[in-house]
C-alpha cells in the first residue's frame with residue numbers, strides 16, 4: 002500500500018472513503034504525489050471474497066479472506082514499518098473485530114464469532130461480541146500495541162481491549178434503556194451503540 006507517482010517518488014496516501022458491502026471491503030484511495038502534483042484516485046477491494054462469508058481463520062491475505070458484513074473501518078500506522086498502514090474493521094455478522102497489517106495479512110483482534118456476551122476480563126479473541134459496529138483505535142508507536150474501543154451493538158455495551166489483549170466492558174449494563182446518568186458507566190443504559 003505504498004503508492005508512487007510516475008517518477009517513483011513516494012506518495013502520501015489519504016483514505017477518503019471506505020465502501021462496505023456484504024462480503025467485500027472496498028477502499029477509495031487518493032494518492033497525492035509529493036510535493037504537490039496532480040491527484041490520482043484508485044479504488045480497490047482489499048479485504049473479502051465476493052459471495053463468501055464463512056470464517057476461514059486468520060493469517061491469510063486480505064483479498065483471500067471472506068468477511069461477513071463489515072461495518073466500521075479505521076486506518077492506523079504500523080509500528081513495525083514506517084511506511085505501513087494497518088486497517089481495522091468490525092465484522093458485524095461475523096461477530097469479530099479484525100485487522101489487516103501492512104503485509105496484507107488478516108488477524109482477529111476481538112471476538113470468537115459467537116453471537117452472545119461473555120469473556121470480560123479474558124483474552125479478547127475468546128470473548129463474544131454481538132454485531133460489533135463502530136470501533137476506535139489508538140496505537141502505541143513505541144510498543145506497537147493497540148487500544149481498541151468497540152461498540153458492541155446488540156449487547157448494548159462499549160467494550161475495550163487493552164494493549165495486552167484483555168477485553169472489558171467500559172460502558173453499558175447490557176439491558177438497553179436510557180438511564181444511568183451520574184452513575185457508573187457500566188451501569189448506564191445504552192441502546193444499540195454505533
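Numbering (the working numbering), first residue to last: 2 to 195.
All residues carry an ideal CB built from backbone N, CA and C; glycine is no exception.
Applying the 10 Å Cβ sphere with the 16-neighbour rule, what's the burial state of residue i?
{"i": "residue 183", "result": "exposed"}
{"i": "residue 140", "result": "buried"}
{"i": "residue 185", "result": "exposed"}
{"i": "residue 163", "result": "exposed"}
Taking DSSP as the reference, what is the three-state secondary structure of residue i?
{"i": "residue 156", "result": "helix"}
{"i": "residue 187", "result": "helix"}
{"i": "residue 79", "result": "strand"}
{"i": "residue 63", "result": "helix"}
{"i": "residue 192", "result": "coil"}
{"i": "residue 87", "result": "strand"}
{"i": "residue 147", "result": "strand"}
{"i": "residue 116", "result": "strand"}
Let me check one thing: in DSSP terms, what residues is residue i bridge-paired to?
{"i": "residue 133", "result": "153"}
{"i": "residue 97", "result": "92"}
{"i": "residue 124", "result": "167"}
{"i": "residue 210", "result": "Absent from the model: residue 210. The displayed extent of the chain is 2 to 195, so no value can be given."}
{"i": "residue 161", "result": "150, 169"}
{"i": "residue 138", "result": "149"}
{"i": "residue 108", "result": "100"}
Taking 7 angstroms as the cut-off, is the CB of residue i close to at least one heavy atom of the ligand MG?
{"i": "residue 192", "result": "The ligand MG is not part of the structure shown, which contains no ligands of any sort."}
**Request:** Please determine if the region 123-135 and the region 144-158 are in contact, where contact requires at least 3 C-beta pairs separated by less than 8 angstroms.
**Result:** The region 123-135 vs the region 144-158: in contact.
**Item:** At least three beta-carbon pairs within less than 8 angstroms, the region 58-72 to the region 176-194
**Value:** The region 58-72 vs the region 176-194: no contact.
**Asked** Is it true that the region 95-114 meets the region 169-179, where meeting means three or more beta-carbon pairs spaced less than 8 angstroms apart?
**Response** The region 95-114 is not in contact with the region 169-179.
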